[in-house]
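Chains as they are written, first to last, in my numbering: chain A, 195 to 466; chain B, 3 to 337.
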């Protein structure tokens, strides 16, 4: 059995008297996608912040390659190869693709105090990195990031993380704000990252998206892991049901589907 | 962009400022003739532009980084008064006065920067506080020390030539040379060195910039030091030039430099702009305020022109920024 790249062992997190996470144990291996499902307020964001070094666990440990590690700062986490991509890509809308790709690690040419930013090289590397992920529509590194679609921005951010040696990719609701087609793009890129051997933590509340890429699923409810299962072990209805924390959501869906089936595919009229 | 195209130029941050400058030049050429472009006329607005520009560029960089510094309005008289009290009233060597004026600039900038970084209070409020605090210090200390609100200063020798003299036939202030040299330096650091990228990133998204490893706190403090020290420098040079310093004055620099920066295409919320744009914006502002003297209009109308210019420039800059954002290269347009 391979050692997981990153693992949480009995992690608890509380802010003052409020317990946010209880006894979380999860692990992700290389080339595996862990889907973290949960309703709003289930503790997903706190879990991400623990993994990306924004917060530290109150008790319990985070392990990388089987060894306990601690991330006192986001920088420490990224130095360990953990990259977090947020919902809106965490990029700079009014900067060019090349400049935002190399933020903080600008390539330079020249010598001494006359080192200048190497725009051509930055643009070329950035465009190639994104195109390698299958986004061929991006071909000019001088374009502003804000001019890209939501999916392209996500892809740029993921490509950037991978380019700079990320081993663990944390995707915080990457598809939440996207249309169907854009979301498909992002899911394809998640698969590509997985193929390259990254460990991916994919946070979402869209079960369909999770099922498209996930190998392993964990459902968080009120700060605890309510279910932990592998691909194919549970159906979509069961997962939705778990996320909603009861039978209500699944039965609502079944009701609507039943109505649609018996009414030529029309949804039920709004209740008055 | 491998070749220069009209579209490419219009998408640059300084496009609006350049067009505004052209419009203003045409306007005054029609109504005032070309006198203001001859050497004597030029130095009148170049002097205004230089004093404003030395402050406007660091202020513009702060605005690109998402901050604002209005305490420059108090730093100008503070710099002037410091050098005059030390080297005029007490008669100490001029270099002591120069070092003290710039040193106080660094200290006020440091305090502004640390307060903004540590308290997360908006920088407008922090520097509004330091604006009044420094004004109070200048007035209080000057009256306490000299029993007057105006202090004379006589400077000769190299210090006079470097900081406060006239060059090229005796009408152009040496500040113009400082301004041009500093502009060139800023252009290098902001647009060519890697550090410039950090300023834009901070203004674009501070949290992401910090996560990407940019020392955002330190950079913010450095920018505040730069703007306060630049303002103190301008005040100091004016005192050396005019051989005296007054406790009042300097407030006009607050709005004037913000106008120059905004006309220059800097986005008020940060993340977008250019040094060249601020440079154009400064010249535009100076020509409007000085060019009016070469026309038959009453000079009181110049504020109207500036107001219209500001609104026009902001609208134009918004349009160009949208163009830049929505720009997609046409398929097959490039090899």
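From the three backbone atoms N, C-alpha and C, an ideal C-beta is built for every residue, glycine too.
Report task. Run down chain A in chain order and give the residues with a C-beta less than 9 angstroms from the C-beta of residue 195 (chain B). Result -> Position 193 of the second chain holds residue 195 (chain B). Ordered by position in chain A, the residues that pass the 9 angstroms Cβ test against residue 195 (chain B) are 300, 302, 307, 308, 309, 310 and 311.
Query raised in the report: If we count the other Cβ atoms within 10 Å of its Cβ and call it buried at 16 or more, is residue 427 (chain A) buried or exposed?
Result: One-based indexing of the first chain puts residue 427 (chain A) at position 233. Using a 10 angstroms sphere on the CB of residue 427 (chain A), the tally of other CB atoms stays under 16, which defines it as exposed.
Query raised in the report: Would a check of beta-carbon distances place residue 270 (chain B) closer than 7 angstroms to chain A?
Result: The residue you call residue 270 (chain B) lines up with position 268 of the second chain. Not one chain A Cβ lies under 7 angstroms of residue 270 (chain B).
Requested in this report: For residue 327 (chain B), go through chain A and note every residue whose CB falls closer than 8 angstroms to its CB, in chain order.
Outcome: Working through the second chain from its first residue, we reach residue 327 (chain B) at position 325. What residue 327 (chain B) touches in chain A: 287, 288, 338, 340 and 341.
Report task. Mind listing, in chain order, the continuous beta strand (DSSP E) runs of no fewer than 3 residues lying wholly within the segment 131 to 193 of chain B? Result -> The segment 131 to 193 of chain B contains these whole beta strand (DSSP E) runs: 152 to 154.
Requested in this report: In the DSSP assignment, find the alpha helix (DSSP H) that holds residue 113 (chain B) and state where it starts and stops.
Outcome: Along the second chain, read from residue 1 onward, the residue named residue 113 (chain B) stands at position 111. Its alpha helix (DSSP H) spans residues 96 to 121.
Query raised in the report: When you compare each of A:208, A:215, A:219 and A:213 to residue 202 (chain A) by their alpha carbons, which one comes out closest?
Result: Walking along the first chain from the start, residue 202 (chain A) turns up at place 8. When C-alpha distances from residue 202 (chain A) are compared across A:208, A:215, A:219 and A:213, the shortest belongs to A:219.
Query - Minimum Cβ-Cβ distance from residue 275 (chain B) to chain A less than 7 angstroms - result: Counted from its first residue, the second chain places residue 275 (chain B) at position 273. For residue 275 (chain B), no Cβ of chain A is located within less than 7 angstroms of the residue's own Cβ.
Query - Residues, ordered as in the chain, of the segment 344 to 374 of chain A that lie near chain B by beta-carbon distance below 9 angstroms - result: Shown here is that no member of the segment 344 to 374 of chain A has a Cβ falling below 9 angstroms from a Cβ of chain B.
Query raised in the report: Is it the case that the CB of residue 146 (chain B) approaches a heavy atom of the ligand NAP more closely than 6 angstroms?
Result: No copy of the ligand NAP occurs in the structure displayed, which carries no ligand at all.
Query - Cβ of residue 191 (chain B) within 7 angstroms of any chain A Cβ - result: Here residue 191 (chain B) refers to the residue found at position 189 of the second chain. Output row for residue 191 (chain B): interface = no.
Requested in this report: For residue 463 (chain A), name the three-state secondary structure that DSSP assigns.
Outcome: As a working mapping, residue 463 (chain A) is identified with position 269 in the first chain. Residue 463 (chain A): coil per DSSP, three-state reduction.
Query raised in the report: residue 253 (chain A) by DSSP, collapsed to three states: which one?
Result: The residue labelled residue 253 (chain A) in the question sits at position 59 within the first chain. Three-state DSSP puts residue 253 (chain A) in a strand.
Requested in this report: Would you tell me roughly how many angstroms separate the C-alpha atoms of residue 270 (chain B) and residue 229 (chain B), rounded to the nearest one?
Outcome: Here residue 270 (chain B) corresponds to residue number 268 of the second chain, with the count starting at 1. Here residue 229 (chain B) corresponds to residue number 227 of the second chain, with the count starting at 1. Between the alpha carbons of residue 270 (chain B) and residue 229 (chain B) lies a distance of about 16 angstroms.
Query raised in the report: Are three or more beta carbon pairs between the segment 283 to 291 of chain B and the segment 73 to 80 of chain B nearer than 8 angstroms?
Result: Too few Cβ pairs lie closer than 8 angstroms, so no.
Query raised in the report: What are the start and end residues of the beta strand (DSSP E) that includes residue 228 (chain A)?
Result: Position 34 of the first chain, counted from the first residue, corresponds to residue 228 (chain A). For residue 228 (chain A), the uninterrupted beta strand (DSSP E) segment begins and ends at 227 to 232.
Requested in this report: Can you have a look at residue 460 (chain A) and say buried or exposed, based on whether 16 or more other CB atoms are within 10 angstroms of its CB?
Outcome: Sequence index remark: in the first chain, residue 460 (chain A) carries index 266 (1-based). Its Cβ having fewer than 16 others within 10 Å, residue 460 (chain A) is exposed.
Query raised in the report: residue 266 (chain A) CB to nearest chain B CB: under 7 angstroms?
Result: The residue you call residue 266 (chain A) lines up with position 72 of the first chain. Not one chain B Cβ lies under 7 angstroms of residue 266 (chain A).
Query raised in the report: To the nearest angstrom, how far is it from the Cα of residue 34 (chain B) to the Cα of residue 126 (chain B)?
Result: Your numbering for residue 34 (chain B) matches position 32 in the second chain. Your numbering for residue 126 (chain B) matches position 124 in the second chain. Each residue's alpha carbon lies about 38 angstroms from the other.
Query raised in the report: If you run the structure through DSSP and keep just helix, strand and coil, what is residue 196 (chain A)?
Result: Counting from one through the first chain, the residue named residue 196 (chain A) turns up at place 2. Residue 196 (chain A) falls in the coil class under three-state DSSP.
Query raised in the report: Under 7 angstroms between C-beta atoms, does residue 215 (chain B) make it to chain A?
Result: Locating residue 215 (chain B) in the second chain gives position 213, where the first residue counts as 1. Closer than 7 angstroms: yes.
**Report entry** Helix, strand or coil at residue 343 (chain A) [DSSP, three-state]
**Finding:** If you number the first chain from 1, residue 343 (chain A) lands on position 149. Coil, per DSSP.
Query raised in the report: Rounded to the nearest angstrom, how far is the Cβ of residue 345 (chain A) from that of residue 379 (chain A), given a contact under 8 angstroms?
Result: Within the first chain, the letter at position 151 stands for residue 345 (chain A). Within the first chain, the letter at position 185 stands for residue 379 (chain A). By a beta-carbon distance limit of 8 angstroms, residue 345 (chain A) contacts residue 379 (chain A). Their separation comes to about 4 angstroms.
Query - Nonlocal neighbours in the same chain, by C-beta distance under 7 angstroms from residue 288 (chain A), ignoring five residues either side - result: In the first chain, counting from the first residue as 1, residue 288 (chain A) sits at position 94. For residue 288 (chain A), where only same-chain residues beyond five positions count, the Cβ hits under 7 angstroms are 338 and 340.
Query raised in the report: What three-state label does DSSP hand residue 265 (chain A) in the structure shown?
Result: What you label residue 265 (chain A) is simply residue 71 of the first chain in a count that begins at 1. For residue 265 (chain A), the secondary structure class from DSSP, reduced to helix, strand or coil, is coil.
Query raised in the report: Where does residue 246 (chain A) sit, in a helix, a strand or coil, going by DSSP?
Result: Taking the first residue of the first chain as position 1, residue 246 (chain A) is located at position 52. The answer is coil: DSSP assigns residue 246 (chain A) none of H, G, I, E or B.
Query raised in the report: Excluding sequence positions up to five away, which residues of its chain have a Cβ less than 6 angstroms from the Cβ of residue 249 (chain A)?
Result: In the first chain, the residue the question calls residue 249 (chain A) occupies position 55. Counting only Cβ-Cβ distances below 6 angstroms, and skipping sequence neighbours, we find 243.
Query raised in the report: Which residues in the same chain have their Cβ closer than 8 angstroms to the Cβ of residue 57 (chain B), if we skip the five residues on either side of it in sequence?
Result: Position 55 of the second chain, counted from the start, is the residue given in the question as residue 57 (chain B). Within the same chain, Cβ atoms closer than 8 angstroms to the Cβ of residue 57 (chain B) are found at 74, 78, 229, 232, 233, 236, 255 and 259, the five residues on either side in sequence being excluded.
Query - Sequence-distant residues of its chain with Cβ nearer than 8 angstroms to residue 302 (chain A) (five each side left out) - result: Within the first chain, numbered from 1, the residue matching residue 302 (chain A) stands at position 108. Hits under 8 angstroms: 309, 310, 311 and 312.
Query raised in the report: Closest to residue 361 (chain A) by CA distance: which of A:215, A:213, A:259 and A:231 is it?
Result: Numbered from 1 along the first chain, position 167 holds the residue referred to as residue 361 (chain A). Minimum Cα-Cα distance from residue 361 (chain A) among the listed residues A:215, A:213, A:259 and A:231 corresponds to A:259.
Query - Min CB distance residue 293 (chain A) to chain B below 7 angstroms - result: Start at 1 with the first residue of the first chain, and residue 293 (chain A) comes out as number 99. It does; some Cβ of chain B falls within 7 angstroms.
Query raised in the report: What do you get for residue 89 (chain B), buried or exposed, if any count of 16 or more other CB atoms within 10 angstroms of its CB means buried?
Result: As a working mapping, residue 89 (chain B) is identified with position 87 in the second chain. The residue in question, residue 89 (chain B), is buried, as its Cβ has 16 or more Cβ neighbours within 10 Å.
Query raised in the report: In chain order, what residues of the same chain lie with their CB nearer than 6 angstroms to the CB of residue 247 (chain A), ignoring the 5 residues before and after it?
Result: Translated into positions along the first chain, residue 247 (chain A) becomes position 53. These residues qualify, in order along the chain: 265, 267, 268, 270 and 271.
Query raised in the report: Closest Cβ-Cβ distance between residue 329 (chain A) and chain B: below 7 angstroms?
Result: Position 135 of the first chain, counted from the start, is the residue given in the question as residue 329 (chain A). Not closer than 7 angstroms to any Cβ of chain B, the Cβ of residue 329 (chain A) fails to qualify, so no.
Query raised in the report: Does residue 319 (chain B) come within less than 7 angstroms of chain A when only Cβ atoms are used?
Result: Within the second chain, the letter at position 317 stands for residue 319 (chain B). No, no contact with chain A.
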